[in-house]
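*Asks:* Residue numbers (the numbering used here): 980 to 1396.
Supplied in structure tokens, the structure appears directly below.
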Amino acid sequence: MFTILSPNSSIFPQNLTLSEKHQKLTEISKARALDLIMTTNSSETLVPNAISSPVKHAYSDFYYTEMYIGTPPQKANLALDTGSTLTWVQCEGCKSCFELSMPNFNIRRSTTSRPMPDDHPLCVPPNLGPGTKGQNCVYGLFYYDRSSTYGPFGFDTFTFLSVQGQLAIPNVAFGWGLFNKVNFNDYFHGHDNPIGGILGLGRGHPTGILQQLNQITLQRFSYCLPPQFEAQSLLHFGEDAQIGGPSVGSTLILGGPDDYYFTKLDAISLNGQRLQIDPSLFMAGGKGMAVDSGSPYSHIVAEAFKVLKQAVVDYFHNMYGWQPMTQKSKTGFDLCYQNIPTVFTSPSVTLHFEGADFVLHKPTLFQAFEHHNEFCMTILSMDQSDGLNILGAAQQVNYRFLFDVAALRLSFSPESC
């Protein structure tokens, strides 16, 4: 998960590095191109007083949105992250840079870019403050795996999709990444990295997109994460962020205004049977389960994970006589089987949120890793001293999510993304 706003945050496990996350990849095809400036091939419709941007699935298992920044517009792919608030992009002239398959954002080529003065009302902690030489605002983000990004904070024009075709919004504040010790690379397949920064969809800082563009976003957004690279979808803001149908579930967003998107998880079921898990374990850290598009996979605290793991082990043993691996998996997952089955029936896992049940999409529960000849459950155990329960991106695919921050409601419904 690429979501830590400070080194003291507990939402991400300290023993899981970005490199380990990036090794947990799927064998799927490369995404076809979307050109925001020209058009969108998505079948999703747009409504007035709303903005959208395309969403794609990277080989590193991050989801990203295609954004155009500056005048004239320059394309920037930004990781979709509900677990952080600040938006930033790697810039041309960076002193410490990560590999990127497209040009870095060039501030000097944009006629509408300008730095933020250090006395600007948006230049406030955490993560923002005056630079060492004064005059202008700077930002700094630090992550548990010792990755970081730092640089000036400024303004420029962001171009979104709208009912008119495109909408250029001036004076959007974001970070100009000049010192970036960050890695979005695909270590497992060796594909080039297309992601040049992060789009922060959190609610915890006035520089967040939701708050900056409040009159347009109305403090609400929705997305549907596609499982395949050929598929494409849209990130919707404002009136365009809608959800419907007979299977919509809704639950409260917990926590304060500067928190992540926490929800109350009451229980977990396997094949319709509720597992004997102490409900207090789902409130580790006193917050609940975080819904985080920036974390590739879901995490459950260790004591609760043990119960789920044993139930899955019993299921596969009773159905097929399988025995899990006893040695440590090369993939980093906590429940794996040697040899990849050709045909099998996955168990059904349901998360019982307060007021709504979320049935995990079966193909997201288990993954074959052909390079290691391993078959693994893509839910990870999290040490209770490290953090929280997290619903990650892989387990969110083929669901429409609507984050209505103003109403403090999270809604979801099955959908082919």
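Just so it is clear, CB atoms sit at the ideal spot from N, CA and C, and this is done for glycine as well.
1. Below 8 Å, how does it come out for the stretch 1126 to 1134 and the stretch 1034 to 1044: are there three or more Cβ pairs, yes or no?
2. To the nearest angstrom, how far is it from the Cα of S1032 to the Cα of H1296?
3. Looking only at its chain, what residues have a beta carbon closer than 8 Å to the beta carbon of G1273, apart from the 5 residues adjacent to it on each side?
4. Quick one: what does DSSP say M1268 is sitting in, helix, strand or coil?
5. Considering only residues of the same chain and omitting the five flanking positions on each side of A1147, which have a CB-CB separation below 7 Å?
6. Residues in its own chain within less than 7 Å of H1170 by CB, not counting five upstream and five downstream?
7. Over the uninterrupted beta strand (DSSP E) stretch that includes M1356, give me the two end residues.
8. Below 7 Å between beta carbons: does that hold for F1153 and W1067?
9. Here's a check: name, in chain order, each residue in its chain whose Cβ is nearer than 7 Å to the Cβ of N1164, leaving out the five neighbours to either side.
10. Apart from the five residues on each side of it in sequence, which residues of its chain come closer than 6 Å, Cβ to Cβ, to L1260?
11. Would you mind listing the beta strand (DSSP E) stretches within the stretch 1083 to 1152 that are 3+ residues and don't spill past its ends, in chain order?
12. I need the straight-line Cα distance from F1121 to P1096, nearest angstrom please.
13. Inspect the beta-carbon positions of S1392 and I1222 and report whether they are closer than 7 Å.
14. Assign D1271 to one of two classes, buried (16 or more other C-beta atoms within 10 Å of its C-beta) or exposed (fewer than that).
15. Is the beta carbon of W1155 sitting closer than 7 Å to the one on C1102?
16. Could you compute how far the alpha carbon of A1269 sits from the alpha carbon of Y1239?
17. Quick check: the Cα distance between Y1294 and L1140, rounded to an integer number of angstroms?
18. Once you ignore the five residues that flank H1099 on each side, which residues in its own chain have a CB closer than 8 Å to its CB?
*Replies:* According to the structure data:
1. Under the Cβ criterion (8 Å, minimum of three pairs), the stretch 1126 to 1134 does not count as touching the stretch 1034 to 1044.
2. Numbered from 1 along the sequence shown, position 53 holds the residue referred to as residue 1032. Numbered from 1 along the sequence shown, position 317 holds the residue referred to as residue 1296. S1032 and H1296: Cα-Cα distance of roughly 45 Å.
3. Looking up residue 1273 in the sequence shown gives position 294. Apart from sequence neighbours up to five positions away, the residues of its chain that approach G1273 with a beta-carbon distance below 8 Å are M980, F981, T982, F1041, A1058, L1059, D1060, T1061, G1062, S1063, I1177 and A1372, ordered along the chain.
4. Taking the sequence shown and counting its residues from 1, the one referred to as residue 1268 is at position 289. Secondary structure of M1268 (DSSP, three-state): strand.
5. Taking the sequence shown and counting its residues from 1, one reaches residue 1147 at position 168. Residues of the same chain with a CB within less than 7 Å of the CB of A1147, apart from the 5 flanking positions on each side, are T1136 and T1138 in chain order.
6. If you number the sequence shown from 1, residue 1170 lands on position 191. Y1038, listed in sequence order.
7. For the purposes of this step, residue 1356 is taken as the residue at position 377 of the sequence shown. Start and end: E1353 to M1356.
8. The residue given as residue 1153 occupies position 174 in the sequence shown. The residue given as residue 1067 occupies position 88 in the sequence shown. Going by beta carbons, F1153 and W1067 fall inside the 7 Å limit.
9. Sequence index remark: in the sequence shown, residue 1164 carries index 185 (1-based). Here the set comprises H1001, S1039, E1078 and N1172.
10. Here residue 1260 refers to the residue found at position 281 when the sequence shown is read from its first residue. The residues are V1280, E1282 and A1283.
11. List check, beta strand (DSSP E) in window: 1107 to 1109, 1116 to 1121 and 1127 to 1139.
12. The residue you call residue 1121 lines up with position 142 of the sequence shown. The residue you call residue 1096 lines up with position 117 of the sequence shown. Their Cα atoms are separated by approximately 22 Å.
13. Numbered from 1 along the sequence shown, position 413 holds the residue referred to as residue 1392. Numbered from 1 along the sequence shown, position 243 holds the residue referred to as residue 1222. Between S1392 and I1222, the gap from beta carbon to beta carbon is short of 7 Å.
14. By 1-based counting over the sequence shown, the position of residue 1271 is 292. Classification of D1271: buried, given that the 10 Å Cβ count is 16 or more.
15. Sequence index remark: in the sequence shown, residue 1155 carries index 176 (1-based). Sequence index remark: in the sequence shown, residue 1102 carries index 123 (1-based). No.
16. Working through the sequence shown from its first residue, we reach residue 1269 at position 290. Working through the sequence shown from its first residue, we reach residue 1239 at position 260. Between A1269 and Y1239, the C-alpha separation is close to 6 Å.
17. Here residue 1294 is taken as the residue at index 315 of the sequence shown, counted from 1. Here residue 1140 is taken as the residue at index 161 of the sequence shown, counted from 1. When only Cα atoms are considered, Y1294 and L1140 end up about 46 Å apart.
18. One-based indexing of the sequence shown puts residue 1099 at position 120. Same-chain partners within the cutoff: C1116.
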